[in-house]
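Asker:
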C-alpha cells in the first residue's frame, strides 16, 4: 500500500547533538512538508519542498535543515541550534491541487 | 494571507449526541477546505474536503461539513457521536494552487459514556 513512512517513531537526543528524522513516501507525490506539533499549538510549518532539489523555509525553520535529493525522501535534521526541539514531528505529502495532504504517523523527539 | 480559526479548544459530548465543530476561515478567493482527525500519537487522517459544487460534503466515519461562504465557515457535523470519535480535529484552508494548507489550532473532542 502507498503511504508515508516516518522513522523512528520515538527518538531521544542529548543536548548539543544533531539528529535526523526520516520521511519516505511511495505515493509519487511532488510536494512534501515538515510540521512541528506542540501541545495546544496546532501544526507549525518548518520546511516544504514542491519539487526535487528545491525547498523553502516555513514559519519556524530556525534550527532545522532539510534536503530533497530524491522525490521519495525528505529528511529533517534537528540541529543543536534548535533551542527547544522536544516535540512531535509530522511529515506530509501532496499530489496536486486540492487533493489534501497525506500524513505520516509522526516522530516524537525528546531531548534528554 | 489565509488563516483558520477553530474557536473551541475542547468540546465534550455524550455518546449518541450530535456534534458540531466550528471552523472559520479567511481567504480572498474560493478556498480549498479540509477537515482532519488525529488520534493521540498518530498522524492526521483526512475526513473530508471541499472546493466547489455542493456545499454539503460527506466524509468518512459518518462526518459531514457545510461550506457557508457568507459566514466564512466550514463546520463539521456528526449526527450521533461514538466513543471512538474522541480525538483532535483540525480544519485547514488551502491556497488557490491547493498545495499549501494552513491549519487551525485544533479542537479536542471528548466523549462521555
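Protein chains in written order, with the numbering used here: chain A, 17 to 128; chain B, 6 to 118. Note that CB positions come from ideal geometry on N, CA and C, so glycine has one too. Note that the coordinates shown come from a computational prediction; the quantities given were computed from them, not determined experimentally.
(1) When you compare each of 127/A, 60/A, 112/A, 47/A to residue 78/A by their alpha carbons, which one comes out closest?
(2) Could you list which residues in chain B have their beta carbon closer than 7 Å to that of residue 119/A, in chain order?
(3) Out of 70/A, 26/A, 88/A, 80/A, state which residue places its alpha-carbon closest to the alpha-carbon of residue 108/A.
(4) Helix, strand or coil for residue 18/A, going by three-state DSSP, please let me know.
(5) Within 10 Å of its beta-carbon, does residue 30/A have 16 or more other beta-carbons around it, so buried, or fewer, so exposed?
(6) Could you check whether the Cβ of residue 113/A sits closer than 9 Å to any Cβ belonging to chain B?
(7) Between residue 58/A and chain B, is there a C-beta pair that is closer than 9 Å?
(8) The beta strand (DSSP E) that contains residue 15/B, what's its start and end?
(9) Residues of chain B with CB closer than 7 Å to the CB of residue 47/A, please, in chain order.
(10) Whole angstroms are fine: how far does the CA of residue 113/B sit from the CA of residue 45/B?
(11) So with CB distances below 9 Å, who are the chain A contacts of residue 68/B?
(12) Going by CA-CA distance only, name the one from 86/B, 64/B, 97/B that's closest to residue 39/B.
(13) Alpha carbons only, please: which of 94/A, 56/A, 103/A is nearest the one belonging to residue 37/A?
(14) In the DSSP assignment, the beta strand (DSSP E) including residue 81/A goes from what residue to what residue?
(15) Taking the alpha carbon of residue 102/A as the point to measure from, which residue in 18/A, 52/A, 19/A has its own alpha carbon closest?
Answerer: Taking the geometry as given:
(1) Translated into the one-based positions of the first chain, residue 78/A becomes position 62. When C-alpha distances from residue 78/A are compared across 127/A, 60/A, 112/A, 47/A, the shortest belongs to 60/A.
(2) Here residue 119/A refers to the residue found at position 103 of the first chain. Per Cβ cutoff of 7 Å: 48, 49.
(3) Here the question's residue 108/A lines up with position 92 in the first chain. Here the closest residue by C-alpha is 88/A.
(4) Locating residue 18/A in the first chain gives position 2, counting from the first residue. Coil at residue 18/A, not helix or strand.
(5) As a working mapping, residue 30/A is identified with position 14 in the first chain. Exposed, since its Cβ has fewer than 16 Cβ neighbours within 10 Å.
(6) Locating residue 113/A in the first chain gives position 97, counting from the first residue. At least one chain B Cβ lies under 9 Å of residue 113/A.
(7) Sequence index remark: in the first chain, residue 58/A carries index 42 (1-based). Yes - at least one Cβ of chain B is within 9 Å of the one on residue 58/A.
(8) Looking up residue 15/B in the second chain gives position 10. Residue 15/B -> beta strand (DSSP E) spans 15–19.
(9) Position 31 of the first chain, counted from the start, is the residue given in the question as residue 47/A. Here the neighbours are 104.
(10) Locating residue 45/B in the second chain gives position 40, counting from the first residue. Locating residue 113/B in the second chain gives position 108, counting from the first residue. Taking the CA atoms as reference points, residue 45/B sits about 10 Å from residue 113/B.
(11) Indexing the second chain from 1 puts residue 68/B at position 63. Ordered by position in chain A, no residue passes the 9 Å Cβ test against residue 68/B, which lies about 14 Å from the chain.
(12) Here residue 39/B corresponds to residue number 34 of the second chain, with the count starting at 1. Of the candidates 86/B, 64/B, 97/B, the one whose C-alpha sits nearest the C-alpha of residue 39/B is 97/B.
(13) Along the first chain, read from residue 1 onward, the residue named residue 37/A stands at position 21. The closest CA to that of residue 37/A, considering only 94/A, 56/A, 103/A, is found on 94/A.
(14) Here residue 81/A is taken as the residue at index 65 of the first chain, counted from 1. Boundaries of the beta strand (DSSP E) harbouring residue 81/A: 80–82, taken from the DSSP string.
(15) Taking the first residue of the first chain as 1, we reach residue 102/A at position 86. Selected option, being the one with the closest Cα: 52/A.
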